[in-house]
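> Below is a structure I'd like to ask you about.
Spelled out as structure tokens, the structure:
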């Protein structure tokens, strides 16, 4: 009998409020190992906030966010930092350290958090640069790279410590279709070749359907739909249908 | 008026508690790091910051101190000449430079030169999401970014203060020899007689305090930037104003304390 893979992330009743604005209103969601969960929703709907809570960068008002049974919202700082080494994050704006070269950016977590020597670190950097197809960009500063290249360096840095989970915050936002496709292919490659679990936050439908093994729709602070891409296509939720119809109309218009 | 004063006091106390909170959190990150038997900071980062703060500030501290020492000796000398006690100039210049001028002017130079740079660079990193990225990797942004900067300014403010004191006294000796007919030998003897160990200790202790104030406030202002490039500009201005005001206020409090308890 086929069994479900283990649960890697489990969000339960997650609530967050800034002043009187409710951002998350009891989010329940789980992510299994080796799947790519795409979280969709309107802009400003709390998708990025959700993954910031998962990274421990924001504190939820209520609920729990567990990574491998450890509740990130209640961990002490040293324990949280230890958990963070198992989670990589690719930021919407890449968030590379602007004063460091590409190699230094990728090597930063290795130098600070691993016991590897310079030679081993150099080999890992080369390997990650090759993975994201940026072998020749190692000595460049982030400002000398295009947006797509910066995101790929961000991904290489996120993968430096071989994390079990990678969070992508709007990976294709602001990219041309070719670079966007390149990032999508890398996300797929991560799952298929490297068995890495991913959570992708996006409102770009092309990317979402290209990479997802499962999808969730966040609306008004709640997950209103969770399922496979096919289940999404046939959903009768009005907001999801509206979202998809806009996408279909756009797809038809652009051929 | 009273309400405004109360509001300002509350704001000041909140800011103070935030700076103390940041320093405490940094120390706790360092302790966590030490518990895992890892170095809390990379020496190359500390050396780089020391070079910026120390070596880079020497010309400005030296130049300002020489000219202030020179002016001070000249103006004091002309006044004292009228009473026939111009021989007091070396003692006045050396004591005031050691206890007051050296630490204070070094503090002001560092607040404007290094404090502003700390706030601007940490502010730009905060606004660009780089600080969150470092934190998100589990590196500990405060330990990684604040520790080398804070340590460098804390340790090197006293060193620069010593340079400032010596430069000020040399400037005073030069003008005294040139215009007040005080020989270098006499000037040196008077400095050695007039200066007490407690003057030197007071100056050095104050300079450590000023270094901590500048480092703490400048890093805090940088890490609490909101609002992109404009926010960085506002934070940098606020950092310079706050550090210089705090250094001067703290200097006055130190003087009252020293004069009261160590007369």
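Chains as they are written, first to last, in the numbering used here: chain A, 20 to 274; chain B, -11 to 251.
Glycine included, C-beta positions come from ideal geometry on N, C-alpha and C.
1. Based on the DSSP secondary-structure assignment, which residues constitute the bridge partners of residue 242 of chain A?
2. Considering only their Cβ atoms, is the gap separating residue 124 of chain B from residue 119 of chain A smaller than 7 Å?
3. Just curious, the alpha helix (DSSP H) that residue 138 of chain A is in, first and last residue?
4. So which of B:122, B:114, B:54, B:132 has the shortest CA-CA distance to residue 32 of chain B?
5. Can you tell me whether residue -3 of chain B is buried or exposed, with buried defined as 16 or more other CB within 10 angstroms of its CB?
6. With 7 Å as the threshold, decide whether the Cβ of residue 7 of chain A is near any Cβ in chain B.
7. Are three or more beta carbon pairs between the segment 64 to 73 of chain A and the segment 136 to 154 of chain A nearer than 8 Å?
8. For residue 253 of chain B, would you say it is in contact with chain A, using Cβ-to-Cβ distances shorter than 7 Å as the test?
9. Give me the subset of the segment 97 to 131 of chain B whose CB atoms are less than 7 Å from a CB atom of chain A, sorted by chain position.
10. Would you mind working out which of B:0, B:7, B:19 sits nearest residue 200 of chain B, comparing C-alpha positions?
11. For the alpha helix (DSSP H) that residue 178 of chain A lies in, which residues bound it at each end?
12. Candidates B:45, B:218, B:81: which alpha carbon is nearest residue 57 of chain B's?
13. Go ahead and pull the three-state DSSP assignment for residue 126 of chain B.
14. Cβ of residue 259 of chain A less than 7 Å from any chain B Cβ?
15. Considering only C-alpha positions, which residue in the set B:91, B:241, B:227, B:204 is nearest to residue 154 of chain B?
16. Does the distance from the CB of residue 145 of chain B to the CB of residue 226 of chain B come in under 7 Å?
17. Opposite residue 50 of chain A in the DSSP bridges: which residues?
18. Taking the straight line between their C-alpha atoms, what separation do you get for residue 77 of chain A and residue 254 of chain A?
19. So with CB distances below 9 Å, who are the chain A contacts of residue 39 of chain B?
20. Quick check on residue 54 of chain B: does DSSP put it in helix, strand or coil?
21. Count the other CB atoms within 10 Å of the CB of residue 45 of chain B; is the residue buried (16 or more) or exposed (fewer)?
22. Would you call residue -10 of chain B buried or exposed, if buried means 16 or more other Cβ atoms sit within 10 Å of its Cβ?
23. Considering only the beta carbon of each residue, do residue 259 of chain A and residue 177 of chain A sit closer than 7 Å?
24. According to DSSP, is residue 216 of chain A helix, strand or coil?
25. For residue 96 of chain B, count neighbouring Cβ atoms within 10 angstroms of its own Cβ and tell me buried if that reaches 16, exposed if not.
26. CB residue 42 of chain A to CB residue 65 of chain A, shorter than 7 Å?
27. Nearest CA to the CA of residue 275 of chain A: which residue from B:69, B:14, B:119?
28. Along chain A, in chain order, which residues have C-beta atoms closer than 7 Å to that of residue 6 of chain B?
29. Using a C-beta cutoff of 7 Å, does residue 200 of chain A count as contacting chain B?
30. Could you pull the start and end residues of the alpha helix (DSSP H) that residue 97 of chain B belongs to?
31. Keeping to the same chain, check which residues put their C-beta closer than 7 Å to that of residue 31 of chain A; ignore five residues upstream and five downstream.
32. Taking the alpha helix (DSSP H) that residue 82 of chain A falls in, what are its first and last residues?
33. Taking Cβ positions only, does residue 131 of chain A come closer than 7 Å to chain B?
34. Please name the residue, chosen from A:224, A:239, A:234, A:233, that lies closest to residue 264 of chain A on a Cα-to-Cα basis.
35. Round the Cβ separation of residue 27 of chain A and residue 98 of chain A to the nearest angstrom and send it over; I've been treating them as touching at under 8 Å.
36. Determine, using beta carbons only, whether residue 103 of chain A comes closer than 7 Å to chain B.
Well, looking at it:
1. A:237
2. no
3. 137 to 150
4. B:132
5. exposed
6. This structure does not reach residue 7 of chain A, given that chain A is present from 20 up to 274, and the question cannot be answered.
7. no
8. What the structure shows of chain B is the stretch from -11 to 251, and residue 253 of chain B is not part of that stretch, so it cannot be assessed.
9. 116, 117, 118, 120, 121, 123, 124, 125, 126, 127, 128
10. B:7
11. 166 to 178
12. B:81
13. coil
14. no
15. B:91
16. no
17. A:28
18. 32 Å
19. Here the premise fails: no neighbours, minimum Cβ distance about 15 Å.
20. helix
21. buried
22. exposed
23. no
24. strand
25. buried
26. yes
27. One cannot answer for residue 275 of chain A here, as it falls past the ends of chain A, which runs 20 to 274.
28. Within chain A, no residue comes near residue 6 of chain B; the closest Cβ sits about 17 Å away, beyond 7 Å.
29. no
30. 90 to 98
31. 47, 82, 83
32. That residue, residue 82 of chain A, is in no alpha helix (DSSP H); its beta strand (DSSP E) goes 81 to 86.
33. yes
34. A:224
35. No, residue 27 of chain A and residue 98 of chain A are not in contact; Cβ-Cβ is about 17 Å, not under 8 Å.
36. yes
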